[in-house]
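J.: Questions regarding the structure given below will be posed in turn.
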Amino acid sequence: MAVQQVQHYAWGKMGSNSEVARLLASSDPQARISEDKPYAELWMGSHPRGDAKILDNRISQKTLGQWIAENQDCLGSKVKDTFNGKLPFLFKVLSVETALSIQAHPNKELAEKLHLQAPQHYPDANHKPEMAIALTSFQGLCGFRPIEEIVTFLTKVPEFRFLIGDTAATQLKQSMNSDSQSVASALQSCFSHLMKSEKKVVVEQLNLLVKRISQQVAAGNNMEDIYGELLLQLHQQYPGDIGCFAIYFLNLLALKPGEAMFLEANVPHAYLKGDCVECMACSDNTVRAGLTPKFIDVPTLCEMLSYIPSKDRLFLPTRSLEDPYLSIYDPPVPDFTVMRMEVPGSITEYKVLAVDSASIVLVVQGRVTASSPTAQTPIPLQRGGVLFIGANESVSLKLTAPDDLLMFRACCLL
Numbered sequence: 012m013a014v015q016q017v018q019h020y021a022w023g024k025m026g027s028n029s030e031v032a033r034l035l036a037s038s039d040p041q042a043r044i045s046e047d048k049p050y051a052e053l054w055m056g057s058h059p060r061g062d063a064k065i066l067d068n069r070i071s072q073k074t075l076g077q078w079i080a081e082n083q084d085c086l087g088s089k090v091k092d093t094f095n096g097k098l099p100f101l102f103k104v105l106s107v108e109t110a111l112s113i114q115a116h117p118n119k120e121l122a123e124k125l126h127l128q129a130p131q132h133y134p135d136a137n138h139k140p141e142m143a144i145a146l147t148s149f150q151g152l153c154g155f156r157p158i159e160e161i162v163t164f165l166t167k168v169p170e171f172r173f174l175i176g177d178t179a180a181t182q183l184k185q186s187m188n189s190d191s192q193s194v195a196s197a198l199q200s201c202f203s204h205l206m207k208s209e210k211k212v213v214v215e216q217l218n219l220l221v222k223r224i225s226q227q228v229a230a231g232n233n234m235e236d237i238y239g240e241l242l243l244q245l246h247q248q249y250p251g252d253i254g255c256f257a258i259y260f261l262n263l264l265a266l267k268p269g270e271a272m273f274l275e276a277n278v279p280h281a282y283l284k285g286d287c288v289e290c291m292a293c294s295d296n297t298v299r300a301g302l303t304p305k306f307i308d309v310p311t312l313c314e315m316l317s318y319i320p321s322k323d324r325l326f327l328p329t330r331s332l333e334d335p336y337l338s339i340y341d342p343p344v345p346d347f348t349v350m351r352m353e354v355p356g357s358i359t360e361y362k363v364l365a366v367d368s369a370s371i372v373l374v375v376q377g378r379v380t381a382s383s384p385t386a387q388t389p390i391p392l393q394r395g396g397v398l399f400i401g402a403n404e405s406v407s408l409k410l411t412a413p414d415d416l417l418m419f420r421a422c423c424l425l
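FYI, in our numbering the residues of the sequence shown are 12 to 425.
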């Protein structure tokens with residue numbers, strides 16, 4: 012059993028409105044939830060900024076990171092050798108009330124370079140692919156839209172076109188029937204023009220757009236063809252921020268519970284609202300583009316982004332052949348895989364299959380007792396409970412409540 016670490020970032024949902032706070036409260040009777048505090052992220056893993064505490068007082072090590080360092084075989088031999096004896100992923104729950112910054116994460120090569128050049132902004136040399144799986148309705152921006160959609164916005168939103176400029180806008184329209192390289196080059200030119208706009212001009216154009224949308228909405232007109240409501244919402248959260256215009260460049264995704272998005276290196280994205288489970292490579296590197304008061308590295312960002320327009324960036328799980336209750340989200344990176352286990356309450360026993368990797372299991376719904384060959388006594392787990400499972404270890408669960416069981420498991424399948 013491990014205790015997760017909570018991060019109180021300003022964008023998190025407040026108090027018991029937050030799924031993070033609710034999971035914490037139901038797993039720890041001692042937890043006191045402050046209603047005036049944001050509960051943004053629950054961290055499960057061994058990252059130095061949020062190393063999980065071990066609850067079992069028979070274990071001398073106080074944190075998961077310390078325990079893994081002294082028991083590296085628990086990782087599985089392949090994982091141990093590939094990732095130098097460290098857990099390669101960080102598992103989280105996020106509760107988002109206001110938008111996170113529009114950002115991208117560098118690939119390994121760029122991460123190493125940025126870390127050398129500016130360690131104060133880029134704290135490590137690792138890449139940071141991420142996957143978000145919705146727990147509730149979840150809204151996010153992810154990757155560049157199809158070119159024809161951006162061209163339509165350049166016509167319908169004159170304030171947006173003003174910042175891009177006629178030359179870049181025309182070049183983008185002309186690239187529609189060209190090869191992917193011409194498209195990428197035209198898209199980079201448009202995005203760079205926006206990002207390099209003078210702050211004063213951005214604020215002027217944004218104020219004009221906000222005024223125009225507000226007047227139309229007040230007159231009873233629907234402005235959804237230019238995402239009027241979303242623009243007003245983002246402007247209220249981040250007045251005068253250049254990131255408000257990014258909604259015309261990036262795909263808007265609305266995920267239903269169980270649906271996922273995968274964010275590979277160099278793909279621009281932002282989480283806007285909702286609750287999700289997130290898994291990522293163990294890194295803290297972020298290159299920001301807007302919707303933030305933090306440092307924005309515009310030249311690096313414009314240079315590194317993947318300018319590949321595409322429609323839907325939903326990431327679909329596969330169903331397990333061995334277990335009818337198991338869905339597997341296996342992204343094209345070695346660092347992590349996430350499994351979702353949804354077991355009906357009518358089933359009384361369930362086996363968590365052994366894999367050749369350490370894993371972290373989170374109970375989102377239901378109540379069980381877990382037993383395994385290495386655990387001296389059965390471990391009771393309920394909503395918010397977290398279990399660390401060593402490599403090649405299977406765990407038997409007895410369902411102790413009639414509710415359906417919903418669990419997520421992060422591991423590394425090499």
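Each residue gets a CB set at the ideal place from its N, CA and C atoms; glycine is no exception.
1) Apply the 10 Å Cβ neighbour rule to E314 and answer buried if 16 or more other Cβ atoms are within range, or exposed otherwise.
2) Measure the Cβ-Cβ separation of E52 and Y20 and say whether it is below 8 Å.
3) Can you give me the C-alpha to C-alpha distance between L98 and A369, rounded to a whole angstrom?
4) If I measure Cβ to Cβ from K91 and keep anything under 6 Å in the same chain, skipping five residues before and after, which residues do I get?
5) Identify the residues that DSSP records as bridge partners of L261: which are they?
6) Look at the Cβ atom of A276, then the Cβ atom of P140, and state whether they are nearer than 8 Å.
7) By Cβ distance, which residues of its chain are closer than 6 Å to D334, with the 5 residues on each side in sequence left out?
8) Take every Cβ of the region 304–312, pair it with every Cβ of the region 230–242, and state whether three or more of those distances are shorter than 8 Å.
9) Mapping the DSSP letters down to three states, classify M142 as helix, strand or coil.
10) With a floor of 4 residues, list each alpha helix (DSSP H) that falls wholly inside the region 82–124, ordered by position along the chain.
11) Please state the DSSP three-state secondary structure of F173.
12) Who are the near neighbours of P389 in its chain, counting only those whose CB is closer than 6 Å to its CB and skipping five residues on each side?
13) Assuming D286 and L146 make a contact with CB atoms under 8 Å, what is their CB distance in whole Å?
14) Does the region 130–140 come into contact with the region 244–255, if we say contact requires no fewer than three beta-carbon pairs (one atom in each stretch) closer than 8 Å?
15) Going by alpha carbons, who is nearest to V194 out of W78, P157 and Q77?
16) Who does P310 pair with in a DSSP beta bridge?
17) Between the alpha carbons of V280 and F273, how many angstroms are there, rounded?
18) Which residues share a DSSP beta bridge with P320?
19) Determine the DSSP secondary structure at V168, reduced to helix, strand or coil.
T.: The answer reads as follows:
1) The residue in question, E314, is exposed, as its Cβ has fewer than 16 Cβ neighbours within 10 Å.
2) The Cβ-Cβ distance between E52 and Y20 falls below 8 Å.
3) Taking the straight line joining both Cα atoms gives about 8 Å.
4) Setting aside the 5 residues that flank it on each side, K91 is surrounded in the same chain by Q83, each with a C-beta closer than 6 Å to its C-beta; the list follows chain order.
5) Looking at the DSSP output, L261 shares a beta bridge with F155.
6) Contact: yes.
7) Leaving aside the five residues that flank D334 on each side, none in its chain has a CB nearer than 6 Å to its CB.
8) Counting Cβ pairs under 8 Å, fewer than three are found: no touch.
9) When secondary structure is reduced to three states using DSSP, M142 falls in the strand class.
10) Whole alpha helix (DSSP H) segments, 4+ residues: 88–93.
11) DSSP, read as helix, strand or coil, puts F173 in helix.
12) Contacts found: T380 and S382.
13) Yes, they are in contact, since the Cβ atoms of D286 and L146 sit about 4 Å apart, within 8 Å.
14) Under the Cβ criterion (8 Å, minimum of three pairs), the region 130–140 does not count as touching the region 244–255.
15) The option with the nearest alpha carbon to V194 is P157.
16) In the DSSP assignment, no residue is bridged to P310.
17) The residue you asked about is not Val; residue 280 is His in the sequence shown. It is roughly 10 Å from the alpha-carbon of H280 to the alpha-carbon of F273.
18) Partner(s): none; P320 has no beta bridge.
19) Residue state, collapsed to three classes: coil.
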